[in-house]
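Structure record follows, encoded as structure tokens.
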Amino acid sequence: MDVERTPVRRRFLPGIAMLTALVAGATACTGSGGIGGAGDQKNGGSTAAPAQPGKYRSLPQPCKAVDGKRLRAMLPATDSLTTEQREQLYAGTAEPSYDADRHVGCRWNAQTPEATLLLSVTFERVVSYDRAAASDDDKARQVYVRRLTDAHLPFPGPTTSPSPSPSPGTSTGTGTGAPA
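See the structure below:
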């Protein structure tokens with residue numbers, strides 16, 4: 166019996182992308198308050214102070230983290246559902262966790278005649294145990310990049326500064342000349 170899983174997998178990608186963005190937002194554990202803020206101290210010493218601990222001590226409730234309007238748009242319910250069934254659908258199901266201070270999640274599953282729609286949101290609080298080497302923010306970024314790479318997902322937004330555009334009259338190097 167062959168089962169085609171492509172439509173479900175394609176429906177997972179927006180959820181995975183959203184999950185990844187949410188995980189990155191939840192794991193951004195330290196911050197200096199902006200450019201030139203109080204955390205922007207410069208001293209002449211050669212020893213670096215240990216990184217500050219993360220500012221998040223607990224995680225948000227994952228089943229309440231997704232806006233109801235967005236949830237209804239991503240998981241439209243069929244007209245055959247009763248009000249109670251719709252409420253249960255949009256309430257989500259908490260994922261089991263052995264350490265709710267570090268990892269929590271919620272799943273939604275909507276079945277329509279055309280497809281099964283799944284959404285999973287997970288929050289993870291990343292802690293860097295070697296504060297001399299990396300802050301919680303740095304560790305969270307490393308975890309985020311690794312997970313994007315492992316899932317073969319593109320990085321959101323620009324990852325490098327844009328290259329300067331050539332001035333008028335200069336060559337862009339795409340002509341028929343000799344290779345560089």
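Going by the numbering used here, the first residue of the sequence shown is number 166, and it counts up by one from there.
We put the beta carbon where it would ideally sit given N, CA and C, even for glycine.
If distances are taken between C-alpha atoms only, which option among Thr277, Glu260, Asp264 comes closest to cysteine 271? Glu260
Segment contact, 8 Å Cβ cut-off, at least three pairs: the stretch 224-235 with the stretch 282-293: Three or more pairs of CB atoms, one per stretch, sit closer than 8 Å, so the stretch 224-235 contacts the stretch 282-293.
For serine 245 and histidine 268, what's the separation of their Cα atoms in angstroms? 35 Å
Once the 5 residues before and after serine 257 are set aside, which same chain residues still bring their CB inside 6 Å of it? The sequence given here has glycine at residue 257, not serine. The answer, listed in chain order, is Cys228, Cys271, Trp273.
Spell out the partners DSSP gives alanine 122 in its beta bridges. What the structure shows of the chain is the stretch from 166 to 345, and residue 122 is not part of that stretch, so it cannot be assessed.
Is threonine 248 helix, strand or coil by DSSP? helix
Helix, strand or coil at valine 286 [DSSP, three-state]: Strand.
Leaving aside the five residues before and after phenylalanine 320 along the sequence, list all residues of the same chain whose C-beta is less than 8 Å from its C-beta, in chain order. Val310, Leu313
Is it true that the CB of aspartate 303 sits closer than 8 Å to the CB of valine 292? no
Output the distance between the C-alpha atoms of aspartate 266 and glutamine 276, rounded to the nearest integer angstrom. 32 Å
In whole angstroms, what separates the C-alpha of leucine 236 from that of tyrosine 255? 7 Å
Host alpha helix (DSSP H) of glycine 233 (start-end): 233-239
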